[in-house]
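Take a look at the structure below.
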Amino acid sequence: MKWSVNLLPLGLLAAFATASPVAKRQLDLYQLQISCPANKNVDGRFLSMKNSTLGLFEGDDVSPVQVYPTNSEKEGCSELHTYPIGIIDHSIGLVGEPSLLTLVDMINPNTVDPGDGNVAMWDTFRMADGKVSNNIDGQWLAFPGSGDSWQVKWSDGSDAITADFMVVDVLAKSAGKGRYNGA
48 MKWSVNLLPL
58 GLLAAFATAS
68 PVAKRQLDLY
78 QLQISCPANK
88 NVDGRFLSMK
98 NSTLGLFEGD
108 DVSPVQVYPT
118 NSEKEGCSEL
128 HTYPIGIIDH
138 SIGLVGEPSL
148 LTLVDMINPN
158 TVDPGDGNVA
168 MWDTFRMADG
178 KVSNNIDGQW
188 LAFPGSGDSW
198 QVKWSDGSDA
208 ITADFMVVDV
218 LAKSAGKGRY
228 NGA
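Sequence positions in the sequence shown follow this note's numbering and run 48 to 230.
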């Protein structure tokens, strides 16, 4: 009989612990906005996605990409994952020849094989003073596409670029809070 009295507090503790609400982690969400005062067709527009490429696109089927930063294994860097969160991990990244990298959506970035002579980076973003940059020296460039679309790329400046382009900044603008559904 004595042992049942001793177990009573333990049973109550277990009941309260399982009935407690689980704290959900809140994510700081951002939309990525282009700053280019020299070109009013580009300045102030938000990055969106079309066919896994991030850029500036028009149409009813595009909306601004939302990302949330997580710490990278590379010191001082972040990974920028897309929101909402699904079963498959999506992260924005840079892919292409080392001198000119295209901003893309990567599915399971740890498994991406960029191919011979190309690189894939998703864990080298830096966010400071409201701007997004990369861990390697360089700058963001926007290249005109069809209609009023623009592709956004990272250039390290090592190759001469003869195509039309605009030097831009990518700004991280708060998009509120999101809910983390994972364990």
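Glycine included, every Cβ here is placed at the ideal spot set by N, Cα and C.
- Thr209 sits in coil when the DSSP states are folded into three classes, being neither helix nor strand.
- Across the set Asn157, Glu105, Asp163, the C-alpha of Asn157 shows the shortest separation from the C-alpha of His128.
- Around the CB of Gln80, 16 or more other CB atoms lie within 10 Å, so the residue is classed as buried.
- 7 Å or more divides the Cβ of Pro131 from the Cβ of Ser125.
- Between Trp197 and Val114, the alpha-carbon positions lie close to 20 Å from each other.
- Assigned with DSSP and collapsed to three states, Pro156 falls in helix.
- Rounded to the nearest whole angstrom, the CA to CA distance from Ala210 to Gly192 is 11 Å.
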